[in-house]
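Trainee: Mind looking over this structure? Questions follow.
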Amino acid sequence: MKRVPVGRRNLFAERRRALLGVAGVGVALLMVLALDGIFAGAMKRVTAYIDTSPADIIVSQRGVKGMHMTSSSLPLSAVEDIRRMKGVSRADPILFETNSLKSPKARALSYVIGYVPGGRGGPVTITKGRPPGPGEIVLDESAASKLGVSIGSDVSTLGRSWKVSGFTGGLTNIVNTTAFVRFDDYAAARGTTGTASYILVGAESPAGAVAREIEKETGLTALPRPEFSREEAKLVRDMSTQIMQIMTIAALLIALAVIGLTLYADTLARLREVGVMKALGTRTRRLALIVLSQAAWMAGAAMALSIVLAFALAAVMSRAASNISIEVTAVSIARVAIGAGVVAAIGAVAPLARVARVDPATVFRRQ
Amino acid sequence: MDDVAIRAERLEKVFGEGDVQVRAVRGIDLEVVRGQVALIMGPSGSGKTTLLSMLGAMLRPTSGKVELDGVDLARLPESRLPDFRATRFGFVFQDFNLLSSLSALENVQFALNLAGTTGRKSRERAEALLRGFGLGHRLSFRPEKLSGGEKQRVAISRALANEPSVILADEPTANLDSKIGHEIARLLRNAATEEGRSVVIVSHDTRLKDIADRVLWLEDGEFREINEMAVDPVCGMAVERKPETPHYQYEGQTYYFCSPEDRDEFAAEPTKFIPDRG
Ligand SMILES: Nc1ncnc2c1ncn2[C@@H]1O[C@H](COP(=O)(O)OP(=O)(O)O)[C@@H](O)[C@H]1O
Ligand SMILES: [Mg+2]
């Protein structure tokens, strides 16, 4: 049942047009893949502080289920109440807000965390230097390089200046970075007494049950860490989806324009041949399949190109150790493939309409 | 079924309405039997293309009918015409009309696909046809790499691929030099003689008379008697023998021309155009 693949031949007969079309669509699809990948990479890092925390349960102000763009405040006395509960091994308060880090060279938006030395809220790894002493701060190394500071430099945040004592890693994403100071310093800088933002809890028995107990006992909100991480991710995702969707649609529209115009130009250039095919007895249905297969080959080739480019870009980005990491996921490839399919189908509409109108009798008329 | 492959009866085509109405074909009757080559000649605008389009089921007649192998084409629903064209007709065009992105082989295979022959079978049949016409070394060439004669041989292979009853050829030799034109004419003649197909050729080329069983002269949408015809000795085209046609008397004979320019050229030096009567 194999037939001459006219659509594919038509596409690749005009090498230059095919190449330009495939490259154009490929780059547009790459934009979608890269955006998706940047987003996936960012999402992974957005919750990095929570995901790497040794806490099993995170307790927050009643009704607060995240950190991003939120503020949580609870009485410090709750720490003692929780410590006394059954199934709880430890409870450490942290103070938290989103603020900006300023150096003479630059500024960076940051989660600023005040933790009790020896407690569980501090940096999990110190890549260089040491944890903060009084009046000192630990920065993420990629934020430090952006700010142009090294150990011993001064950085200001929370309305005062701090001396950099060490670096941590993996806690910077495209939105913000993370910095650590001592709990008491933080409280003094903010003029608060007797309050904390969150309490990080270690559990001896299943976290879900302990969290429920804590909620009952204190009236605060307590979530097992994975759940808190999911809520946090959702919060960020909800805030970014709209812009992501707009950019994805814009990129797909570019792909649509390129496919549509390339295909239409090619169809116009071939109208005479369409007339010949009709005269020879080709049904409009078969002609439609020819146009559609040409569109599909173009979208398919562009898709393959965009996947290769996306992986290449991801590799370059990770080698460049930048704050932007690109995660090309199977889900986003599937999404882009569907997008490309839809775009190819829509791009074929105008050429199809034109092809359907061709009168076979024109073949005997000379232009 | 009689021996008539294609028959037209009181075939009529009117374009437009009212003041701009054109009766392009006016009540034509025509029968072509199997194995016969009919050559239709006539000045431009006489309705040749219109007639050929109706014979080939590409244009609906205003009235009258076209019968192919006993089936009235005018009564067939639109949806059945493509299959009819694919299986019962072979078309040959002046400008070859090969599909430019396909190889010679694929051009022929494409026609076979339309009639339901696909895969290896279509490949073998296409290859056999092309080899038969001496194109074995050109199978994978795209049309742009072929000479005019080669292109027309591919086109004839395509026209013959589905063993049609009727071959309709529109000026098949116009874009070819005379030697190649003669060869193409012979191939069309063979399709009639050896394979029993009916061949209808529309052409200005008087040399095609040599291979035609019948020559028909079309003018203003109607057939005229062929003995009213003469050949322009300058350009070799057939012209009508009547008072309005540019003509010239020379040594007791009247010569007819398709244009006053040809006549003047002839008058300047008649001996250059008259074959030696020695
Ligand atoms: N689609 C059309 N619409 C209107 N008039 C047409 C059309 N096709 C042909 N005609 C007219 O019909 C006449 C015959 O044309 P045609 O069949 O092309 O003649 P030929 O092929 O002998 O040159 C001409 O007067 C031409 O202008
Ligand atoms: Mg014509």
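Quick mapping for you: the protein sequence lines, in order, are chains A and B. For what it's worth, the numbering used here labels the leading residue of the first sequence as 1, then goes sequentially. For what it's worth, the numbering used here labels the leading residue of the second sequence as 368, then goes sequentially. The beta-carbon is built from N, C-alpha and C at its ideal position, and this holds for glycine as well.
By alpha-carbon positions, which one of A:V355, A:V6 and A:G194 ends up nearest to B:L469?
Mentor: Looking at the Cα atoms, A:V6 is the closest of the given residues.
Trainee: Indicate the three-state DSSP secondary structure (helix, strand or coil) for A:V59 in the structure shown.
Mentor: Strand.
Trainee: Cβ-heavy atom distance between A:K278 and ligand 3 below 7 Å?
Mentor: Ligand 3 is not among the ligands present in this structure, which contains only ligand 1 and ligand 2.
Trainee: When you compare the CB of A:R17 with every CB in chain B, is at least one pair closer than 8 Å?
Mentor: No, its Cβ sits nowhere closer than 8 Å to a Cβ of chain B.
Trainee: Counting only Cβ-Cβ distances shorter than 8 Å, please list the residues of the segment 420-440 of chain B near chain A, keeping chain order.
Mentor: Against chain A - using a Cβ distance shorter than 8 Å - the residues of the segment 420-440 of chain B are S420, G423, M425 and L426.
Trainee: Would you say B:L518 touches ligand 2, meaning its beta carbon is less than 7 Å from a heavy atom?
Mentor: For the sequence presented, residue 518 of chain B should be read as Lys rather than Leu. No; taking the cut-off as 7 Å, the Cβ of B:K518 has no heavy atom of ligand 2 nearer than that.
Trainee: Throw me the rounded Cβ distance for the A:R225 and A:A55 pair, which I believe falls under 8 Å.
Mentor: The Cβ separation is near 6 Å, so the contact holds.
Trainee: Can you find a CB in chain B that lies within less than 8 Å of the CB of A:N10?
Mentor: It does: the Cβ of A:N10 has a partner Cβ on chain B nearer than 8 Å.
Trainee: Just reading off the alpha helix (DSSP H) that B:P449 is part of, what are its end residues?
Mentor: Where B:P449 is concerned, the enclosing alpha helix (DSSP H) stretches over L448 to R455.
Trainee: With respect to 7 Å, is the separation between the Cβ of B:S411 and the closest non-hydrogen atom of ligand 2 below this value?
Mentor: Checking the Cβ of B:S411 against ligand 2 gives yes.
Trainee: Please output, in chain order, the residues near ligand 2 using a CB cut-off of less than 6 Å to any non-hydrogen atom of the ligand.
Mentor: Result: B:K415 and B:T416.
Trainee: Give every residue of the same chain whose Cβ lies closer than 6 Å to the Cβ of B:G645, excluding the five residues on either side of it in the sequence, and list them in chain order.
Mentor: Unreliable positioning characterises B:G645 in this predicted model, as indicated by a pLDDT of 37, which lies under 50. The coordinate reading is nonetheless provided below. Excluding sequence neighbours, B:G645 sits near nothing in its chain.
Trainee: Could you tell me whether any Cβ in chain B is nearer than 8 Å to the Cβ of A:T175?
Mentor: Reading the sequence as shown, one finds Val at residue 175 of chain A and not Thr. Not closer than 8 Å to any Cβ of chain B, the Cβ of A:V175 fails to qualify, so no.
Trainee: Just the chain B side, please: which residues come within less than 7 Å of A:A361 by C-beta, in chain order?
Mentor: Result: S420, M425 and L426.
Trainee: Note down, in chain order, each residue of its chain lying with its Cβ closer than 8 Å to the Cβ of B:T416, except the 5 sequence neighbours on either side.
Mentor: For B:T416, where only same-chain residues beyond five positions count, the Cβ hits under 8 Å are D537 and V569.
Trainee: Which residues share a DSSP beta bridge with A:I113?
Mentor: Answer by DSSP bridge pairing, in chain order: A:F96 and A:F180.
Trainee: Less than 7 Å between the CB of B:G383 and some heavy atom of ligand 1, yes or no?
Mentor: Yes; taking the cut-off as 7 Å, the Cβ of B:G383 has a heavy atom of ligand 1 nearer than that.
Trainee: With respect to 7 Å, is the separation between the Cβ of B:A424 and the closest non-hydrogen atom of ligand 1 below this value?
Mentor: Every heavy atom of ligand 1 is 7 Å or more from the Cβ of B:A424, so no.
Trainee: So the candidates are A:A288, A:A279 and A:G135; which of them puts its Cα closest to the Cα of A:S153?
Mentor: Comparing Cα positions, the closest option is A:G135.
Trainee: At a Cβ threshold of 8 Å, is B:T416 touching chain A?
Mentor: Yes, because at least one Cβ of chain A sits closer than 8 Å to the Cβ of B:T416.
Trainee: Does A:Q367 pass the burial test, meaning 16 or more other C-beta atoms within 10 Å, or should it be called exposed?
Mentor: Here the model assigns A:Q367 a pLDDT of 48, short of 50, so the residue's position is not dependable, and the following value carries that caveat. Exposed is the call here.
Trainee: Who are the neighbours of B:Q476 on chain A, taking C-beta pairs under 7 Å?
Mentor: In chain order: V4.
Trainee: Looking at A:I82 and A:T218, is the spacing between their C-beta atoms short of 8 Å?
Mentor: Going by C-beta atoms, A:T218 is nearer than 8 Å to A:I82.
Trainee: Are the segment 267-285 of chain A and the segment 20-40 of chain A touching by the rule of at least three beta carbon pairs closer than 8 Å?
Mentor: With a cut-off of 8 Å, the segment 20-40 of chain A and the segment 267-285 of chain A do not count as touching, because too few Cβ pairs lie within range.
Trainee: Check each candidate in A:L158, A:A301 and A:A356 and name the one with the smallest Cα separation from A:T284.
Mentor: The candidate whose alpha carbon is nearest that of A:T284 is A:A356.
Trainee: Tell me whether B:A391, by its Cβ, gets closer than 7 Å to a heavy atom of ligand 1.
Mentor: Checking every heavy atom of ligand 1 against the Cβ of B:A391, one is found closer than 7 Å.
Trainee: Are A:L280 and B:F458 touching if we call contact CB-CB under 8 Å?
Mentor: In this structure, B:F458 lies closer than 8 Å to A:L280 by Cβ.
Trainee: Is there a C-beta anywhere in chain B that falls below 8 Å from the one on A:G414?
Mentor: Any question about residue 414 of chain A goes unanswered here, given that chain A covers just 1 to 367.
Trainee: I'd like to know whether the C-beta atoms of A:L235 and A:R62 end up nearer to each other than 8 Å.
Mentor: Cβ distance not < 8 Å, so A:L235 and A:R62 don't count as in contact.
Trainee: Does B:G486 have its Cβ less than 8 Å from a Cβ in chain A?
Mentor: Yes, B:G486 lies at the interface with chain A (some Cβ there is under 8 Å from its Cβ).
Trainee: By the three-class DSSP mapping on this structure, what secondary structure does B:G501 have?
Mentor: Residue state, collapsed to three classes: coil.
Trainee: Should B:P449 be flagged as near chain A, meaning a C-beta pair shorter than 8 Å?
Mentor: Answer yes: the Cβ-Cβ gap between B:P449 and chain A drops below 8 Å somewhere.
Trainee: What residue range is occupied by the uninterrupted beta strand (DSSP E) comprising A:S165?
Mentor: Where A:S165 is concerned, the enclosing beta strand (DSSP E) stretches over R160 to T168.
Trainee: Consider the Cβ of B:S467: report whether some Cβ of chain A lies at a distance smaller than 8 Å.
Mentor: So, interface residue.
Trainee: Taking only the alpha-carbon atoms, compute the straight-line gap between A:D266 and B:K518 and give it to the nearest angstrom.
Mentor: Rounded to whole angstroms, A:D266 to B:K518 spans 23 Å at the Cα level.
Trainee: Using a Cβ cut-off of 8 Å, pull out every chain A residue sitting near B:A453, in sequence order please.
Mentor: Within chain A, the residues near B:A453 are L280, G281 and T282.
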